[in-house]
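*Asks:* Please find one structure pasted underneath; my questions will follow.
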Amino acid sequence: MPDAAPRPWLRAAGAWQIDRLATAVLLSGLLATAAITELTRRFGAAGHSRQERALLTQVSDAIRARLEVNAAALASVVALFNASSTVTREEFGRFYATLSIPVSGRDAVNGMQGMGFARFLTPAERQPFEARMRAGGFPGFRVLPAGPRPEYTAIEFLEPANRGDRQAFGFDMLTTPVLRQAMQAAARSGSATLSAALKLQQGTLRQNQPGVVLFMPIRRERDTLLGWAYAPVGLKDLFEGVLASVNQAALAGATVRVIDRSGDGEATLLYSNLSEGGMAGSSRSTLRTPWSWPAGAGRCR
Numbered sequence: 175m176p177d178a179a180p181r182p183w184l185r186a187a188g189a190w191q192i193d194r195l196a197t198a199v200l201l202s203g204l205l206a207t208a209a210i211t212e213l214t215r216r217f218g219a220a221g222h223s224r225q226e227r228a229l230l231t232q233v234s235d236a237i238r239a240r241l242e243v244n245a246a247a248l249a250s251v252v253a254l255f256n257a258s259s260t261v262t263r264e265e266f267g268r269f270y271a272t273l274s275i276p277v278s279g280r281d282a283v284n285g286m287q288g289m290g291f292a293r294f295l296t297p298a299e300r301q302p303f304e305a306r307m308r309a310g311g312f313p314g315f316r317v318l319p320a321g322p323r324p325e326y327t328a329i330e331f332l333e334p335a336n337r338g339d340r341q342a343f344g345f346d347m348l349t350t351p352v353l354r355q356a357m358q359a360a361a362r363s364g365s366a367t368l369s370a371a372l373k374l375q376q377g378t379l380r381q382n383q384p385g386v387v388l389f390m391p392i393r394r395e396r397d398t399l400l401g402w403a404y405a406p407v408g409l410k411d412l413f414e415g416v417l418a419s420v421n422q423a424a425l426a427g428a429t430v431r432v433i434d435r436s437g438d439g440e441a442t443l444l445y446s447n448l449s450e451g452g453m454a455g456s457s458r459s460t461l462r463t464p465w466s467w468p469a470g471a472g473r474c475r
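Here the numbering used here is used: the first residue of the sequence shown is 175, the next is one more, and so on.
As structure tokens, this is what we get:
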């Protein structure tokens, strides 16, 4: 089957270096598209709106700081591929272990559920890649879902490795619309990019916890797209860590809601600290705080 014509999103946006990523993260939107961080505060006096806004800013800054940490971790994956012409599964596993990323429990304050590498494949590369994976200890390995497409991706590495996550190997994330959109945006811009929210297929993800996926493109010489470093982020873990870090006196009696309004459909509630059956207060302040990264994901030499 002949290769399809190159897609515009396969071309790099610019020759930014990896360390540029750490220099700035710009407030301009949540989940790589439009979203809203909304706080409803129970104040008896309208004059307390300044405190509401201050608390909103604390929440926004704390989310941004945690996403910066996650993006820096993905930049280190880009550096790993930059330093080696071939990264093996064992090398990727050892590298991940050195990062000591907490993926569950009270320490998972950044929400990161793990890290992986998804390889980009042309139609001509798919079958040789499948054969190589089978020979490497994964009998029956296939890029899934099956069927002809102009381009493919396949999850090749995923940490922490466990039995529940093995079913993700070979999955083509380009076949999931919200992931495809984020992956293409990352490839076009060279930037770290967050997907819209979805239910993640990651064994370490807490039950019923919505999540997003953070992508960073990896390139070889001549701007050839090798694939993406990626990290699933559990939103409940992320936002609970955020709220634990802000002014607790100001937070007392407050309801924090994070709403995804990234599409044309209705707003989707991603997180609320309001207990089931609880009542929100009558005063409401809203801060629009989506995030995006400037170009700076780096390329492999």
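Every residue, glycine too, gets a C-beta built ideally from N, C-alpha and C.
Please classify ARG365: does DSSP put it in a helix, a strand, or coil?
*Replies:* The question names Arg, but residue 365 in the sequence shown is Ser. Reduced to three states, the DSSP call for SER365 is coil.
*Asks:* Between PHE413, THR327 and SER446, which lies nearest to SER234 when the distance is taken from Cα to Cα?
*Replies:* Here the closest residue by C-alpha is PHE413.
*Asks:* What is the DSSP secondary structure of ARG316, reduced to helix, strand or coil?
*Replies:* ARG316: coil per DSSP, three-state reduction.
*Asks:* CB ALA405 to CB ALA247, shorter than 8 angstroms?
*Replies:* Taking 8 angstroms as the Cβ cut-off, ALA405 and ALA247 qualify as a contacting pair.
*Asks:* Which residue comes first and which comes last in the beta strand (DSSP E) that contains ARG393?
*Replies:* First-last of the beta strand (DSSP E) with ARG393: 385 to 393.
*Asks:* With a cut-off of 8 angstroms on the beta carbons, I'd call GLY408 and GLY385 a contact; round off their distance for me.
*Replies:* Indeed, because the Cβ distance is near 5 angstroms, the residues count as touching under 8 angstroms.
*Asks:* Contact defined as beta carbons within less than 8 angstroms: I believe LEU399 pairs with ASN447. What is the distance between those atoms, to the nearest angstrom?
*Replies:* Between ASN447 and LEU399 the Cβ distance is about 40 angstroms, and since that is not below 8 angstroms, they are no contact.
*Asks:* Quick check: ALA328 and ALA292, are their CB atoms within less than 8 angstroms of each other?
*Replies:* Yes, the pair counts as a contact, with Cβ atoms nearer than the cut-off.
*Asks:* GLU330 by DSSP, collapsed to three states: which one?
*Replies:* Note: GLU330 maps to strand in three-state DSSP.
*Asks:* Check whether the Cβ of ARG394 lies closer than 8 angstroms to any Cβ atom in chain C.
*Replies:* The chain labelled as chain C is not found in the depicted structure, where only one protein chain is given.
*Asks:* Thinking C-alpha only, which one of PRO322, ALA371 and VAL387 is nearest SER434?
*Replies:* Ser is not the amino acid found at residue 434; the sequence shown has Asp there. Considering only alpha carbons, the answer is ALA371.
*Asks:* What separation, rounded to the nearest whole angstrom, lies between the Cα atoms of VAL251 and ALA403?
*Replies:* Their backbone Cα atoms lie some 6 angstroms apart in a straight line.
*Asks:* Give the DSSP bridge partners of MET357, in chain order.
*Replies:* MET357 is not bridged to any residue.
*Asks:* If you check the beta carbons only, do MET286 and ASN244 fall under 8 angstroms apart?
*Replies:* Going by C-beta atoms, MET286 is nearer than 8 angstroms to ASN244.
*Asks:* Taking contact to mean 3 or more Cβ pairs, one atom from each stretch, closer than 8 angstroms, check whether the stretch 288 to 303 and the stretch 318 to 335 are in contact.
*Replies:* Touching, per the Cβ criterion.
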